[in-house]
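Protein chains in written order, with our numbering: chain A, 18 to 315; chain B, 3 to 162.
Here is the structure we will look at, set down as structure tokens.
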């Protein structure tokens with residue numbers, strides 16, 4: 018349980034980090050919080066030739082708010098996000114999900130960018146990024162690009178981020194102030210802080226009459242990547258939601274989810290169990306989101 | 003494999019050393035500095051036995067490289083003792099409340115509990131559970147550990 022040998026470089030700027038990654042020719046790995054990379058090195062599941070440490074780059078840390086989005090720099094610690102008033106106010110879904118991410122000791126090191134780049138299909142931060150239509154900013158030594166979360170995740174631990182690219186930030190679009198929005202997050206795991214068996218995130222927007230005008234429902238742990246349940250979103254939007262339609266929304270949700278999901282069976286849970294839990298957690302998340310959104314109607 | 007010169011402060015004492023890039027802070031503390039209070043458990047960030055304070059913040063030393071502790075302040079379980087080397091208030095409370103059996107998880111538990119008490123002088127049982135949630139103990143069932151932290155918090159408050 019000791020890592021294979023590697024070289025180590027401490028990058029002082031984003032440009033320097035991308036240059037090291039380019040020089041690494043695909044064999045370099047980025048060291049952010051190290052909460053997944055270090056275990057993978059220890060178990061020799063990863064054998065990079067060089068580690069590019071980005072912890073010293075001040076431009077990669079912090080939370081910024083502008084007129085259209087909240088920008089979170091890649092190396093911002095999960096603990097900082099959890100304590101951030103900006104996150105709490107503008108991204109309550111992320112704040113809710115973060116309480117399920119590991120433990121305080123791992124959140125003190127673990128970063129938002131690291132979690133996105135690692136792309137575990139059952140992890141919470143990628144799920145929230147997908148549910149909130151986040152965009153992920155990647156830097157290459159000569160160029161940069163911004164990828165919607167819907168296109169970022171390719172499969173288990175696989176993303177569009179090239180080995181020579183650095184994930185520099187994630188942008189969460191701001192919700193209009195006049196909107197009546199509620200969010201919900203539910204998860205089932207073997208122990209608190211473990212990766213989820215299944216996790217569900219919901220964001221629901223209501224108009225002044227209480228009808229649903231927008232819905233984002235996402236699930237983790239049910240496929241190789243987090244997934245948006247678009248069929249369910251459409252039904253929520255088209256039916257509208259008044260006090261008596263939540264139950265029917267629930268009735269719609271169960272068969273819809275069971276039909277489309279593609280979870281795996283493993284030592285933690287069977288595919289069938291994951292499907293059943295997914296339906297229940299999604300409905301709880303939707304229920305919470307609607308209740309909160311109704312409370313926000315002036 | 004690259005090697006690097008580091009200057010690191012551990013329990014308020016400064017050390018200079020040359021380390022290979024792949025050496026974890028955990029192995030450096032134990033093998034190079036002979037500070038064996040910090041325990042090697044799972045070595046992949048799950049058990050919490052190797053917890054230390056990194057610039058005052060509890061983290062897992064198996065998931066940090068020794069190089070990353072360059073110019074940083076580290077506190078290990080040895081640093082929680084009184085100046086004369088006798089057990090500190092928290093450590094004494096762990097003894098008095100029978101908060102250990104095999105003792106393997108104890109250094110990590112002490113570090114997590116110490117960090118909690120630094121921020122919160124009167125934590126609830128739930129807050130204690132949250133703070134030690136990342137530390138696995140297979141002996142005690144955790145009850146005496148929670149009671150030990152409550153006892154320490156009471157003694158610390160009484161002494162102020």
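Just so you know, even glycine gets a beta-carbon here, dropped at the ideal spot from N, CA and C.
As the structure is a prediction and not an experimental result, all values here were calculated from the model.
Please tell me whether residue 55 of chain A has its Cβ less than 8 Å away from any Cβ of chain B. Translated into the one-based positions of the first chain, residue 55 of chain A becomes position 38. By the rule that beta-carbons nearer than 8 Å mark a contact, residue 55 of chain A touches chain B.
At the 8 Å Cβ level, is residue 147 of chain B part of the contact set with chain A, yes or no? As a first step, residue 147 of chain B is located in the second chain; it is residue number 145 there, counting from the start. Taking 8 Å as the threshold, the shortest C-beta distance from residue 147 of chain B to chain A does not fall below it.
In this structure, does DSSP put residue 225 of chain A in helix, strand or coil? Walking along the first chain from the start, residue 225 of chain A turns up at place 208. When secondary structure is reduced to three states using DSSP, residue 225 of chain A falls in the coil class, being assigned neither helix nor strand.
Along chain A, in chain order, which residues have C-beta atoms closer than 8 Å to that of residue 41 of chain B? Position 39 of the second chain, counting from 1, holds the residue named residue 41 of chain B. Against residue 41 of chain B, chain A offers no close residue; the least beta-carbon distance is about 14 Å (beta-carbon pairs closer than 8 Å).
Can a CB atom of chain B be found closer than 8 Å to the CB of residue 59 of chain A? What you label residue 59 of chain A is simply residue 42 of the first chain in a count that begins at 1. It does: the Cβ of residue 59 of chain A has a partner Cβ on chain B nearer than 8 Å.
Would you give the residue range spanned by the alpha helix (DSSP H) that residue 143 of chain A belongs to? Locating residue 143 of chain A in the first chain gives position 126, where the first residue counts as 1. Here the alpha helix (DSSP H) through residue 143 of chain A covers 141-148.
Going by the beta-carbon positions, is the gap between residue 156 of chain A and residue 182 of chain A smaller than 8 Å? Taking the first chain and counting its residues from 1, one reaches residue 156 of chain A at position 139. Taking the first chain and counting its residues from 1, one reaches residue 182 of chain A at position 165. In this structure, residue 156 of chain A places its C-beta atom within 8 Å of the C-beta atom of residue 182 of chain A.
Under 9 Å, CB to CB, which of the residues in the segment 45-71 of chain B have a partner in chain A? Within the segment 45-71 of chain B, the residues whose Cβ lies closer than 9 Å to some Cβ of chain A are 45, 46, 47, 48, 50, 53, 56, 59, 60, 61, 62, 64, 65, 66, 67, 69, 70, listed in chain order.
Enumerate in chain order the residues of its own chain whose CB-to-CB distance from residue 278 of chain A is below 8 Å, with the five nearest sequence positions on each side excluded. Taking the first residue of the first chain as 1, we reach residue 278 of chain A at position 261. Short of 8 Å from the beta carbon of residue 278 of chain A, and not among the five residues preceding or following it, lie these beta carbons of its own chain, in chain order: 236, 239, 240, 244, 291, 292, 295.
Can you tell me which of the three DSSP states residue 301 of chain A falls into? As a first step, residue 301 of chain A must be located in the first chain, where it is residue number 284. In the structure shown, residue 301 of chain A sits in a helix (DSSP, three-state: H, G or I).
In terms of residues, what are the limits of the alpha helix (DSSP H) holding residue 113 of chain A? If you number the first chain from 1, residue 113 of chain A lands on position 96. Counting along the chain, the alpha helix (DSSP H) containing residue 113 of chain A begins and ends at 109-115.
Can you pull out the residues from the segment 183-210 of chain A whose beta carbon lies closer than 9 Å to at least one beta carbon of chain B? For the segment 183-210 of chain A, which is checked against every Cβ of chain B, the residues closer than 9 Å are 208, 209, 210.
For residue 139 of chain B, does the count of other Cβ atoms within 10 angstroms reach 16, so buried, or fall short, so exposed? One-based indexing of the second chain puts residue 139 of chain B at position 137. Within 10 angstroms of the beta-carbon of residue 139 of chain B lie 16 or more other beta-carbons, which makes it buried.
To the nearest angstrom, report how far apart residue 123 of chain B and residue 150 of chain B are at their CA atoms. On the second chain, position 121 is the one that residue 123 of chain B refers to. On the second chain, position 148 is the one that residue 150 of chain B refers to. Cα to Cα, the separation comes out at about 14 Å.
Proximal residues of chain A, C-beta to C-beta of residue 123 of chain B below 8 Å: For the purposes of this step, residue 123 of chain B is taken as the residue at position 121 of the second chain. Going along chain A, no residue has its Cβ under 8 Å from residue 123 of chain B, so there is no contact; the nearest lies around 18 Å.
Limits of the unbroken beta strand (DSSP E) element including residue 164 of chain A: Indexing the first chain from 1 puts residue 164 of chain A at position 147. Counting along the chain, residue 164 of chain A sits inside the beta strand (DSSP E) bounded by residues 161-165.
Give a yes or no on whether 8 Å exceeds the smallest Cβ distance from residue 136 of chain B to chain A. By 1-based counting over the second chain, the position of residue 136 of chain B is 134. Against chain A, the CB of residue 136 of chain B has a partner CB under 8 Å away; the residue lies at that interface.
What residue range is occupied by the uninterrupted beta strand (DSSP E) comprising residue 86 of chain A? Residue numbering aside, residue 86 of chain A sits at position 69 when the first chain is read from its first letter. In the DSSP annotation of this structure, the continuous segment of the beta strand (DSSP E) that includes residue 86 of chain A starts and ends at 86-90.
I'd like to know if residue 6 of chain B contacts chain A, where contact means its C-beta is closer than 8 Å to some C-beta of that chain. Position 4 of the second chain holds residue 6 of chain B. Look at residue 6 of chain B: its C-beta is under 8 Å from a C-beta on chain A.
Residue 70 of chain A bridges to which residues according to DSSP? In the first chain, counting from the first residue as 1, residue 70 of chain A sits at position 53. In DSSP, residue 70 of chain A forms a bridge with A:27, A:48.
Contact between the segment 183-201 of chain A and the segment 148-164 of chain A (3+ Cβ pairs under 8 Å): The segment 183-201 of chain A is in contact with the segment 148-164 of chain A.
Complete alpha helix (DSSP H) runs within the segment 44-107 of chain B (minimum length 4 residues, chain order): Runs of the alpha helix (DSSP H) lying entirely within the segment 44-107 of chain B and spanning at least 4 residues, in chain order: 91-98.
If the criterion is Cβ atoms closer than 8 Å, does the pair residue 50 of chain B and residue 121 of chain A meet it? The residue given as residue 50 of chain B occupies position 48 in the second chain. The residue given as residue 121 of chain A occupies position 104 in the first chain. If you check the CB distance, residue 50 of chain B and residue 121 of chain A do not come in under 8 Å.
Which of the three DSSP states, helix, strand or coil, is assigned to residue 204 of chain A? Against the first chain, residue 204 of chain A aligns to sequence position 187. Correct three-state label for residue 204 of chain A: strand.
Residues bridged to residue 236 of chain A (per DSSP): As a first step, residue 236 of chain A must be located in the first chain, where it is residue number 219. According to DSSP, residue 236 of chain A bridges with A:217, A:244.
Throw me the rounded Cβ distance for the residue 4 of chain B and residue 70 of chain A pair, which I believe falls under 8 Å. Counting from 1 along the second chain, the entry for residue 4 of chain B is found at position 2. Counting from 1 along the first chain, the entry for residue 70 of chain A is found at position 53. About 12 Å; that fails the 8 Å criterion.
So, helix, strand or coil for residue 211 of chain A, using DSSP? As a first step, residue 211 of chain A is located in the first chain; it is residue number 194 there, counting from the start. Residue 211 of chain A: coil per DSSP, three-state reduction.
Using a Cβ-Cβ cut-off of less than 8 Å, list which residues of the segment 170-183 of chain A approach chain B; keep chain order. Listed in sequence order: no entries.
Helix or strand or just coil, what does DSSP make of residue 132 of chain A? Taking the first chain and counting its residues from 1, the one referred to as residue 132 of chain A is at position 115. If DSSP states are grouped into helix, strand and coil, residue 132 of chain A belongs with the helices.
Would you say residue 156 of chain A reaches chain B, if we count a Cβ-Cβ gap shorter than 8 Å as a contact? Position 139 of the first chain, counting from 1, holds the residue named residue 156 of chain A. By this cut-off, residue 156 of chain A is not an interface position.
What would DSSP say about residue 283 of chain A, mapped onto helix, strand or coil? On the first chain, position 266 is the one that residue 283 of chain A refers to. It is coil, neither helix nor strand.
What number of angstroms, rounded off, separates the C-alpha of residue 30 of chain A from the C-alpha of residue 43 of chain A? Residue 30 of chain A sits at position 13 when you count from the first residue of the first chain. Residue 43 of chain A sits at position 26 when you count from the first residue of the first chain. Taking the straight line joining both Cα atoms gives about 19 Å.
Residue 34 of chain A versus A:91, A:18, A:226, residue with shortest Cα-Cα distance: Against the first chain, residue 34 of chain A aligns to sequence position 17. Per the Cα distances, A:91.
Counted within 10 angstroms of its Cβ, other Cβ atoms place residue 203 of chain A as buried (16 or more) or exposed: What you label residue 203 of chain A is simply residue 186 of the first chain in a count that begins at 1. Looking at its Cβ environment, which holds 16 or more other Cβ atoms inside 10 Å, residue 203 of chain A is buried.
Buried or exposed: where does residue 24 of chain B fall if 16 or more other Cβ atoms within 10 Å of its Cβ makes it buried? Taking the second chain and counting its residues from 1, the one referred to as residue 24 of chain B is at position 22. It is buried - the Cβ of residue 24 of chain B has at least 16 other Cβ atoms within 10 Å.
Out of A:289, A:313, A:124, which has the shortest C-alpha to C-alpha gap to residue 226 of chain A? As a first step, residue 226 of chain A is located in the first chain; it is residue number 209 there, counting from the start. That would be A:313, whose Cα lies nearest to the Cα of residue 226 of chain A.
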